[in-house]
Structures are given as structure tokens and as C-alpha cells.
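Numbering that gives the first Met the number 0 numbers the first residue of the sequence shown as 0 and each following residue consecutively. Structure first, commentary second.
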Amino acid sequence: MDPKELMSSSQRWMRQGLAAFTRNDGSQDFAVHHVGVAMEHLLKAYLASLHPVHIVEEKHWDSLLHATGHADRTKTPRSRTKTIGLSVAFDRVKRLIPKISVTSQEFELVRTARDGVAHVGYHDQGEVRAVLTTAIRLAIPVLAEIEQLHDVDNWALIYWSDYSQLRDDLVNEHTTELRLAVTAKITRARSAFRERVVWTAAEQRKAMIEAIGAHNPYPFAVEHEQRADSCPACEGRGWLHGPVTIDWRNDDGEGGGPFVTFYPDGYECAVCSLSLGSEELEILQLDSPIELVDVDPTEWLEPDEDIYRDR
Numbered sequence: 000m001d002p003k004e005l006m007s008s009s010q011r012w013m014r015q016g017l018a019a020f021t022r023n024d025g026s027q028d029f030a031v032h033h034v035g036v037a038m039e040h041l042l043k044a045y046l047a048s049l050h051p052v053h054i055v056e057e058k059h060w061d062s063l064l065h066a067t068g069h070a071d072r073t074k075t076p077r078s079r080t081k082t083i084g085l086s087v088a089f090d091r092v093k094r095l096i097p098k099i100s101v102t103s104q105e106f107e108l109v110r111t112a113r114d115g116v117a118h119v120g121y122h123d124q125g126e127v128r129a130v131l132t133t134a135i136r137l138a139i140p141v142l143a144e145i146e147q148l149h150d151v152d153n154w155a156l157i158y159w160s161d162y163s164q165l166r167d168d169l170v171n172e173h174t175t176e177l178r179l180a181v182t183a184k185i186t187r188a189r190s191a192f193r194e195r196v197v198w199t200a201a202e203q204r205k206a207m208i209e210a211i212g213a214h215n216p217y218p219f220a221v222e223h224e225q226r227a228d229s230c231p232a233c234e235g236r237g238w239l240h241g242p243v244t245i246d247w248r249n250d251d252g253e254g255g256g257p258f259v260t261f262y263p264d265g266y267e268c269a270v271c272s273l274s275l276g277s278e279e280l281e282i283l284q285l286d287s288p289i290e291l292v293d294v295d296p297t298e299w300l301e302p303d304e305d306i307y308r309d310r
């Protein structure tokens, strides 16, 4: 019933839940279940910070003894302590923190989704975003109160870690599904990158990133161009790819004639495995046409058949 242990546990479950949400592999049941567990531990961390007795079953004597510092007088180990459930924990915390805007009806989504997965392997797939959004809306003020109680100012930062942008996008009601999907992809890629380089020394890390980034994972296609560009998810450089066209400037005496324009419609990064399509590039403003000043337009021009046949 140590508040710090509960905080640490909540963080691990929350990270695993949000990580499951970013995966496009049917892991949404893990997302709602793990986030629900994370919220129970976070709510209990706050209550236990006030006093451990606030999270135990009031009619279970041994649990009360554990909570009040008399474990030596109990007949059961600490691991068998009986505590309150998620709904009761929410009701108690909501009474103590007026800033919480989540209603009991809204929070019921979190509880039923978690319990549905835990007990019958089912949850409403149409409510996944609502479940995560509600949990995060609740977690933000609770974390702030815990920081005040323990006189620390970085628990929330550590708690969300790589998932800060995903947290912000989930609680922003104006975030589109496409924007959320892009954030999920970047979050997943950033996590994969850190796992790959976390134990690598600085010099080796730089060399490794450059070597992997030099590989273009997109196969060369006729009438397509590839250009290296900084990755929005990691320290490496990925590859924009897309078609090219020949455009013409009006001949006004100078600067007229053909030029080559590259229209990015995809992005691949071998360093972190980020892959983006045309609509996702638009969200990140990476879809702007690029004039290829280093390319000879004549290499892309179709031969004039009349000139070719001397007609």
C-alpha cells in the first residue's frame, strides 16, 4: 500500500495500455484493460498518500491492521490485503479533488471496458477512444494533486514520458482520427527507436543511425523520386518518395523552359520503421511539392516523335 509503489505500477500499466493503442494489430482490448488498471492504481496512490487506510476494505480487520502499521498483529500476509474497487476509489477521489471534471457516468465507461476484457474478453470497440480520453482527463488532475502532496514537480512528466503528445491529442476534442493515427504511428516509431539504441554508446549510436538511415526501404520505381529528410519520430533520416512531373515556365526572356517537380506521397524511415502515406504527410506538412534544381529536366522529357523522325 505504498503510494510510490502504486504510482510506479500505474505508470507501467498506462504505458503498456497506450503502447497497445498505438499498435495497429487488434490490441485495443489490451489498451482499455491496461489503462483501466492504471487508473485504479493511480486513484489508490492518491488515497494512500493521504493515508493507506483509505484504500482498504473497512470490514476486513487484517487489512485495516496492515494499513495502520500493525502488520505484526495480522494473520494474513500483505499480499492478501483486501482493498476497495475501482468505482469506490473514483467516488472517494472525486469528493476530495473538486477539479476533476469526469462524471461518474463517464467513468463507468472505463470500469466496464476494463472489467469486460478481464472477465469475458469483450469490450465495445467503438468506445476505445472515449475510454482512453476519460482516463487521461481524470489522471491529469490526480497526478497534479499527488505532486503537491509529495512536494515534487516532475512525476507527471515521468508518468507520461513518450506518450505526452498522444495524451494531448486524445484529450483534445478537435483532434481528428487521422491526426490521432499519425501521432500513434510517431509514438510507436519513437519507442522502437529508443529500444534499438538505448544501450548503444554515443559514437556507435551516431554511426549506426547514419548507416541504417542510408538504406532506402522504398523500392525504386520508374518516374518516382526519393529524397532523404529528417524523421519526425527519431534522430535518423528517412526517405520521402513520390512521382515527378515536368512543368514549364513561361518564356519571358529569362528563366523559361522545363523544370522537374517532386510530389512526395509517402515516407519511410529504416531507423525507426516509421511509414507514412500521402494524407499523413499532409498532416505533418511534409507533402509540399519540391522543385528538383539538381536534376536535368531533359532526362525526364519524352522525345518529340516529329523531331526524332525528322518530320
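Glycine included, C-beta positions come from ideal geometry on N, C-alpha and C. These numbers were taken from a predicted model, which means no experiment stands behind them.
Check	Outcome
Report yes if the C-beta distance between I185 and A269 is below 8 Å; otherwise report no.	no
Which residue marks the beginning of the beta strand (DSSP E) containing D228, and which one marks its end?	223 to 229
Compare the Cα-Cα distances from V52 to each of S277, Q284, D1 and report the closest residue.	D1
State the Cα-Cα distance for the pair Q27 and S287, rounded to the nearest angstrom.	34 Å
Going by other Cβ atoms of all chains shown within 10 Å of its Cβ, with 16 needed for buried, is A18 buried or exposed?	buried
Which residues in the same chain as G256 place their Cβ atom closer than 8 Å to its Cβ, once the five residues preceding and following it in sequence are excluded?	W247, R248, D250, P296
Evaluate contact between the stretch 35 to 44 and the stretch 185 to 195, counting only Cβ atoms and requiring at least three cross-stretch pairs below 8 Å.	no
Looking at the unbroken beta strand (DSSP E) that takes in R79, where does it start and where does it end?	Looking at the DSSP string, R79 is not in any beta strand (DSSP E), and its letter there is neither H nor E.
If you follow the beta strand (DSSP E) that P257 is in, where does it begin and where does it stop?	256 to 261
Give me the DSSP bridge partner(s) of L239.	R226, Y266
If you check the beta carbons only, do R187 and I282 fall under 8 Å apart?	no
Am I right that C271 and R204 are in contact with their C-beta atoms under 8 Å? What's the rounded C-beta distance?	C271 to R204, Cβ: 13 Å. No contact.
Short check: CB of E224 to CB of F258, under 8 Å?	no
Can you give me the Cβ contacts of L131 inside the same chain, cut-off strictly under 8 Å, excluding the 5 residues immediately before and after it?	G16, L17, F20, A30, V31, V34, L169
Taking C230 as the reference, give the member of E202, K93, L285 with the closest Cα.	L285
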